[in-house]
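Heads up, the thing below is written out as structure tokens.
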Amino acid sequence: MRIAIIGGGYAGITCALRLARKARGRADITLVNASDRFVERIRLHQQIAGARPPEHDLARLLRAPGVTLKVGQVTGIDVDAHTLAIDGEPLDWERLVLATGSRTDVDAVPGVRAHALTLDGHDVARLAGRVPALAGAGGRLVVVGGGLTGVESAAELAAAFPGLRVTLVTHRGVGDGWSAPGRAHLVRTLARLGVELREGVRVAAVSATRLETDAGAIPFDLCLWAVGFVAGPLARAAGLAVNERGQVLVDPALRSISHPHVYAAGDAVMPVLPPGLPLPMGCKAAGPAGAHVADNLARALRAAPERAFDFATPFYCVSLGRRDALIQYTRPDGTLTGEVITGRRAAWFKELVCRSTVWALHLERVGFIGTRWLRTGRAPALADAGRQELAA
Ligand SMILES: Cc1cc2nc3c(=O)[nH]c(=O)nc-3n(C[C@H](O)[C@H](O)[C@H](O)COP(=O)(O)OP(=O)(O)OC[C@H]3O[C@@H](n4cnc5c(N)ncnc54)[C@H](O)[C@@H]3O)c2cc1C
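Following this line, the structure appears as structure tokens:
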């Protein structure tokens, strides 16, 4: 069977390698990625603060039987003709896996596209190039976004560049929805690092030198926009059923509800029925979803019934510079407990988690199960109930 995977991130690579092992020569797998490198997105905040994370050659990472890498931009998918175009060149497939990840929405607020930088593509190098001089001059960096990406970026930059004046702007509160000890640690650490917190502030527009907000203007020398992650335009343009963020709507087996020959995983997917717990955009869910798609494709090859994806996570972690972090445990129902780990111990733990995402890929490549995850045990029953409800 000819299987095309678009996207060489955590989900796409996991899917390709696991399927190569399980298909035992019965699948001809082509992974298409825009670049010849695997980018560890979870380390991009370290990169803008001057770190040089390890480079991963995608061809080397994908050296597995039956897997071919094509480097290029997928510019269109014809879901009826079962073809896609890589920089205009056609590729036929029998099953397609969309693992194209996410990007920052730079069009939701006026001025962001023109005046702010993001953690996507070439902006990463631009930020890394501009921050040291800015810090040397005591310049002002504004980070917009109180989610994990914004918090990790603000903390990393403030810790690496004490001369930089960092402001974190968020329309909610930092760590809202986290346990009281978790939120307290986030707020305390950001204060210790000298990050000015502007909570409950909604940004209406961005100009070259300031944010226009409902609490007045906030001036800056450099603006990092770290909020509003959306899926890329491919799925919607192809006519697949998607949500407002452009994520592919999938059934419990992670197949498109409109085109069941298309699967999706990672940030690009949104199940219409709960896979145990709501699926977060995160590598913690991307790897497992990629692995589950591979398992289901292997079942399809044997004409065995495909299974519902079941996902839970035992903890969330946030890095706060290189010497501090927050590990927040969860209950089986996904709610956050009061139990947290903080400080250096947490920083080491978080570093281990980051490394384990790459180890998992290498393990899958050499024939072991690298990606394991916690399950709720509820997903199959929920999926059955949901199917009946949809049918009624
Ligand atoms: C600074 C930062 C810190 C983060 N920290 C965490 C964390 O601690 N924990 C956590 O769980 N998550 C974290 N995340 C989120 C995590 O990085 C993403 O959820 C994860 O990368 C999603 O994996 P993916 O495989 O779906 O997509 P990606 O890793 O984004 O990979 C998608 C790939 O598809 C390729 N692609 C896209 N469109 C096309 C196309 N048209 N043609 C060809 N190729 C294409 C891209 O080039 C890319 O290589 C963080 C993100 C950032 C930015």
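With my numbering, letter number 362 in the sequence shown gets 362, and the count goes up by one each step, no holes.
Cβ coordinates follow ideal geometry from the N, Cα and C atoms, glycine included.
*What distance in whole Å lies between the Cβ atoms of Thr-376 and Asp-310, which are believed to be in contact at a cut-off of 8 angstroms?*
To locate residue 310, count along the sequence shown from 1; it is residue 310. To locate residue 376, count along the sequence shown from 1; it is residue 376. So it is a contact: roughly 6 angstroms between Cβ atoms.
*Less than 8 angstroms separating the beta-carbons of Val-99 and Ala-268?*
Reading the sequence shown from its first residue, position 99 is the one you call residue 99. Reading the sequence shown from its first residue, position 268 is the one you call residue 268. Per the sequence shown, residue 99 should be read as Ala rather than Val. Going by C-beta atoms, Ala-99 is nearer than 8 angstroms to Ala-268.
_DSSP-derived helix/strand/coil call for Asn-243_ = The residue given as residue 243 occupies position 243 in the sequence shown. Coil, per DSSP.
*Measuring CB to CB, does Cys-15 end up less than 8 angstroms from Val-97?*
To locate residue 15, count along the sequence shown from 1; it is residue 15. To locate residue 97, count along the sequence shown from 1; it is residue 97. Cβ atoms of Cys-15 and Val-97: closer than 8 angstroms.
*Do you know whose CA, among Gln-46, Gly-232, His-115 and Ala-308, lies nearest Thr-209's CA?*
Looking up residue 209 in the sequence shown gives position 209. That would be His-115, whose Cα lies nearest to the Cα of Thr-209.
*Should the region 198-205 be called in touch with the region 316-335, which here means at least 3 C-beta pairs below 8 angstroms?*
no
*Cβ-Cβ distance between Thr-104 and Trp-178 below 8 angstroms*: Residue mapping note: residue 104 aligns to position 104 of the sequence shown, counting from 1. Residue mapping note: residue 178 aligns to position 178 of the sequence shown, counting from 1. Thr-104 is not a Cβ neighbour of Trp-178, given a cutoff of 8 angstroms.
_Nearest neighbour of His-171, chosen from Gly-150, Phe-161, Ala-180 and His-185 [CA to CA]_ = The count along the sequence shown starts at 1 and reaches residue 171 at position 171. Nearest C-alpha to His-171: Gly-150.
_Three-way DSSP call (helix, strand, coil) for Thr-14 in this model_ = Along the sequence shown, one-based indexing puts residue 14 at 14. DSSP places Thr-14 in helix when its eight states are reduced to three.
*Delimiting residues of the alpha helix (DSSP H) encompassing Trp-178*: Counting from one through the sequence shown, the residue named residue 178 turns up at place 178. Trp-178 -> no alpha helix (DSSP H), and no H or E assigned at all.
_For Gly-101 and Arg-21, the rounded distance between their alpha carbons_ = Residue mapping note: residue 21 aligns to position 21 of the sequence shown, counting from 1. Residue mapping note: residue 101 aligns to position 101 of the sequence shown, counting from 1. Each residue's alpha carbon lies about 23 angstroms from the other.
*Mapping DSSP to helix, strand and coil, what is Arg-103?*
Translated into the one-based positions of the sequence shown, residue 103 becomes position 103. In the structure shown, the three-state DSSP call for Arg-103 is strand.
_Out of Arg-323, Ala-300, Thr-313 and Ala-325, which one is the CA nearest neighbour of Leu-19?_
As a first step, residue 19 is located in the sequence shown; it is residue number 19 there, counting from the start. Out of Arg-323, Ala-300, Thr-313 and Ala-325, Ala-300 has the C-alpha closest to the C-alpha of Leu-19.
*Proximity of Ala-69 and Leu-31 at Cβ, strictly below 8 angstroms*: To locate residue 69, count along the sequence shown from 1; it is residue 69. To locate residue 31, count along the sequence shown from 1; it is residue 31. The question names Ala, but residue 69 is Leu in the sequence shown. The criterion of a C-beta distance shorter than 8 angstroms is satisfied by Leu-69 and Leu-31.
*asked:* What does the alpha-carbon distance come out to for the pair Asp-295 and Arg-188?
replied: Indexing the sequence shown from 1 puts residue 295 at position 295. Indexing the sequence shown from 1 puts residue 188 at position 188. Their Cα atoms are separated by approximately 43 angstroms.
*Do you know whose CA, among Asp-221, Ile-13, Arg-26 and Asp-92, lies nearest Leu-58's CA?*
Mapped onto the sequence shown, residue 58 falls at position 58. The option with the nearest alpha carbon to Leu-58 is Ile-13.
*Are the CB atoms of Met-281 and Phe-315 nearer to each other than 8 angstroms?*
Within the sequence shown, numbered from 1, the residue matching residue 281 stands at position 281. Within the sequence shown, numbered from 1, the residue matching residue 315 stands at position 315. The answer is no: Cβ separation not under 8 angstroms.
*Taking 7 angstroms as the cut-off, is the CB of Arg-126 close to at least one heavy atom of ligand 1?*
Indexing the sequence shown from 1 puts residue 126 at position 126. Every heavy atom of ligand 1 is 7 angstroms or more from the Cβ of Arg-126, so no.
*asked:* Can you confirm whether the region 232-246 touches the region 340-356 when touching is taken to mean that 3 or more C-beta pairs between the two stretches lie within less than 8 angstroms?
replied: no
*Can you give me the Cβ contacts of His-292 inside the same chain, cut-off strictly under 7 angstroms, excluding the 5 residues immediately before and after it?*
Residue numbering aside, residue 292 sits at position 292 when the sequence shown is read from its first letter. Excluding residues within five positions, the ones whose Cβ falls inside 7 angstroms are Leu-254 and Phe-309.
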